[in-house]
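With the working numbering as the guide, the letters of the sequence shown map in order to residues 1 to 191.
Glycine residues also receive a C-beta, built at the ideal position from the N, C-alpha and C atoms.
None of these values were measured; they are calculated from a predicted model.
To start, the structure under review is shown below, and the notes come after it.
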Amino acid sequence: MSESEVLVGFGSNLGDRSSLINRALKAISRLPETSLLKLSSLYETAPVGYLDQGAFLNGAVQLKTSMPASELLGRLLAIEKSLGRERIERWGPRTVDLDILFFADRIIDEVDLIVPHPELVQRLFVLEPLCEIVPDWIHPGLCETVSALLNKHQISNPLEEPCRLVSSPLDVAHSKEKVEDGIFYRYSESG
Numbered sequence: 001m002s003e004s005e006v007l008v009g010f011g012s013n014l015g016d017r018s019s020l021i022n023r024a025l026k027a028i029s030r031l032p033e034t035s036l037l038k039l040s041s042l043y044e045t046a047p048v049g050y051l052d053q054g055a056f057l058n059g060a061v062q063l064k065t066s067m068p069a070s071e072l073l074g075r076l077l078a079i080e081k082s083l084g085r086e087r088i089e090r091w092g093p094r095t096v097d098l099d100i101l102f103f104a105d106r107i108i109d110e111v112d113l114i115v116p117h118p119e120l121v122q123r124l125f126v127l128e129p130l131c132e133i134v135p136d137w138i139h140p141g142l143c144e145t146v147s148a149l150l151n152k153h154q155i156s157n158p159l160e161e162p163c164r165l166v167s168s169p170l171d172v173a174h175s176k177e178k179v180e181d182g183i184f185y186r187y188s189e190s191g
């Protein structure tokens, strides 16, 4: 099967958020037929929907995989579960959240997977990390770049609280845990 470039959004607002994100990214890097290409900075953001919960750390990762979208989704859900994710309340607190945002230029509309992610154009915490790593990526349904979508969102929502930059990709890539495990080694060399 041919390889597809995929964008995955990640977030956490329970426990040691940075450590949980690192562990999730490490697990993604170990998936078969998958390699990590780019990692965004980490952004701290206010919760959406259910507001009585802690702030999130969010970001995005670009990867290349030979897995079909449904198999990748199953693997990401298994990673979430292994890190203590319980799906109790929509938009509720979570140890880790992994969402397929884009799967190449495909439009997927299945019972358990909709790609591009249907809420990404309304989420600053998704658009900012995406724009950082793939500003020219074209949304296949809207035929607009990620940077154009971010610009439109910011114009339409001038009072929205901005995302707060927490760390750069190199900071994340060179954290002690990752250096020891070799995570993002290729990315930190080139980026």
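Between residue 79 and residue 24, the C-beta spacing is below 8 Å. A distance below 8 Å separates the beta carbons of residue 103 and residue 69. Here residue 134 carries a coil assignment [DSSP, helix/strand/coil]. Within the stretch 66-147, the complete alpha helix (DSSP H) runs of at least 4 residues fall at 69-82 and 124-133.
Residue 101 sits away from residue 46, with the two beta carbons spaced by 8 Å or more. The C-alpha of residue 85 lies about 14 Å from the C-alpha of residue 75. Residue state for residue 151 is assigned as helix, using DSSP reduced to three classes. By the Cβ neighbour-count rule, residue 11 is buried, with 16 or more other Cβ atoms within 10 Å of its own. A check of alpha carbon separations from residue 41 across 14, 123 and 9 identifies 9 as the nearest. Look at residue 60 here: in three-state DSSP terms it is strand.
For residue 163 and residue 55, the gap between their C-alpha atoms comes out near 11 Å. In this structure, DSSP gives residue 31 a state outside helix and strand, which the three-state scheme calls coil. Bridge partners of residue 12 according to DSSP: 57.
From the listed residues 99, 122 and 137, the smallest Cα separation to residue 160 is found for 122. Of 18, 99, 62 and 13, the smallest CA-CA separation from residue 3 is found for 62.
At a Cβ-Cβ threshold of 8 Å, residue 58 and residue 129 count as neighbours. Contact check for residue 140 against residue 116 passes: the beta carbons are separated by less than 8 Å. When only Cα atoms are considered, residue 112 and residue 155 end up about 32 Å apart. Around the C-beta of residue 29, 16 or more other C-beta atoms lie within 10 Å, and the residue is accordingly described as buried.
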